[in-house]
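Asker: Below you'll find the structure I mean.
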Amino acid sequence: MNPRRKKRLTIILAISTGCALVIGLILYALSQNIDLFYTPSELVQGKGPDKIKPEEGQRLRIGGLVVPGSVQRDPQSLKVAFKLVDNGGHLVTVEFDGILPDLFREGQGIVAQGTLKDATTVEAFEVLAKHDENYMPPEVADATNGMHFKPEYTEAQLKGAKP
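Going letter by letter, the sequence shown gives residues 603 to 765 in the numbering used here.
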C-alpha cells in the first residue's frame with residue numbers, strides 16, 4: 603500500500619470512528635430523556651404481556667383521574683399529594699411540590715411526570731391537567747356569548763345554486 607492510500611485510509615477511519623462516537627453519544631443522551639407512559643393499573647400490575655414494572659427511581663409519566671377527596675395539601679408549603687385511578691381500579695399516590703395548573707381538580711384527568719418513589723408512589727416534578735377539545739377559557743366564552751347564530755338558508759340555497 604503506498605503512503606497516499608494509507609493516509610486516505612487513516613483519514614476515512616478517523617472520520618468514521620468520530621461519527622460513530624458522536625452518534626453513540628447522541629443516542630445515549632436521548633435515552634436519558636425517554637419517559638414511558640403508565641396508567642395506575644400498568645404501574646401496579648406491570649405493562650404489556652410480560653407485565654414489566656418500572657424500577658424505583660425511573661423517570662416516567664402517569665395518567666389517570668384524580669380521586670375525589672384524595673387531595674391533601676400541606677398548609678406550610680406548596681406540597682400536594684393526591685391519588686390517581688383508572689378503569690382498572692388501582693390507586694397510585696402522586697406527590698408534587700409546586701403550583702398546580704388552574705384546570706387541576708378532583709375527578710379531572712391529569713398527566714404527571716416524575717420518578718417512581720416506591721411501587722405505588724410517584725414523586726412528580728410536572729403536573730399537566732387534561733381537558734377535552736371543546737374547552738374554551740371563561741373570558742373567551744363570555745366575549746363570544748351571543749355572537750354566534752344559526753344561519754338561515756332559503757330553499758334555493760338548500761337545493762344548491764344552479765348556473
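Just so it is clear, CB atoms sit at the ideal spot from N, CA and C, and this is done for glycine as well.
Tell me the DSSP bridge mates of Phe-684?
Answerer: Val-696
Asker: Out of Ile-614, Val-682 and Leu-718, which one is the CA nearest neighbour of Ile-701?
Answerer: Val-682
Asker: Buried or exposed: where does Gly-716 fall if 16 or more other Cβ atoms within 10 Å of its Cβ makes it buried?
Answerer: Answer is buried; the Cβ neighbour count reaches 16.
Asker: Where does Asp-704 land, buried or exposed, given buried means 16+ other C-beta within 10 angstroms?
Answerer: exposed
Asker: Looking only at DSSP bridge pairs, what is Gly-659 linked to?
Answerer: DSSP output for Gly-659 lists no bridge partner at all.
Asker: Please go through the same chain and pick out, in chain order, the residues whose beta-carbon is closer than 7 Å to the beta-carbon of Phe-639, but skip the five residues on each side of it.
Answerer: Answer for Phe-639: Arg-663 and Gly-665, listed in chain order.
Asker: Quick check: the Cα distance between Ile-613 and Ile-636, rounded to an integer number of angstroms?
Answerer: 35 Å
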